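Worksheet: the structure to be examined is printed underneath.
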Amino acid sequence: MNIRALEEQLHDAFPEGQVAGEIAPHDCEECFALRAMLEGATWREVPAEFVKANDGSLPLLTQEAYRAFLPAWILQAIREPSEEVAGMLLVNLKHQPRTEGFTPKQASTIIDVARFITANNVWGPIDPVNVDSLAEIKAAWGKIAA
Ligand SMILES: [Zn+2]
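Heads up: the sequence shown is residues 10 to 155, going by this note's numbering.
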């Protein structure tokens, strides 16, 4: 799958919407920055620079905010599959699979994203860490994938 097709699939699977509930309830600088950026925004409005500066922040988001804004992190990860955002995303998707509330189509897209990143980062599709990451993400997200 090429990146253009994957981006189209991402836009199709994750409609834009604001989060009505809490974004990141914790009281610290990192969570404050998340609230300041993401409140009243949709995932397509989140700048790449913000995602890069907050590559490890996904675990801080509420489940509702995680579902709404994960595609912003995904978009950056597939554009630069060897960079930190992509590496952190794979770790997040396999070690902390927060699948609650995701649709089958979204889960399938997440598996395609993992396949794309592990096939296109500098380590390549036969690297043991990539193989392991893809297998774990498939196992976690495949339970709800279409
Ligand atoms: Zn915090």
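Using N, Cα and C, we set each Cβ at its ideal position, and we do this for glycine too. Please read all numbers here as calculations on a predicted model, not as lab measurements.
query	result
Is any non-hydrogen atom of ligand 1 found closer than 7 Å to the C-beta of L67, if you look at the structure I gave you?	no
Locate the alpha helix (DSSP H) running through N129, then write down its first and last residues.	113-129
When the Cα of T112 is compared with those of R13, M10, A22, which residue comes out closest?	A22
Short of 6 Å in beta carbon distance, which residues of its chain neighbour E31, apart from the five on each side in sequence? Order them along the chain.	T71
How would you call S91, buried or exposed, if buried means at least 16 neighbouring beta carbons within 10 angstroms?	exposed
Sorted by chain position, which residues of the same chain lie with C-beta nearer than 7 Å to T118's C-beta, five sequence neighbours on each side aside?	Q18, L19, A22
My understanding is that L43 touches A33, with C-beta atoms under 8 Å, so please give their C-beta distance in whole angstroms.	4 Å
What does the alpha-carbon distance come out to for the pair N63 and A155?	30 Å
With a threshold of 16 other CB atoms inside 10 Å of the CB of I135, please say whether the residue is buried or exposed.	exposed
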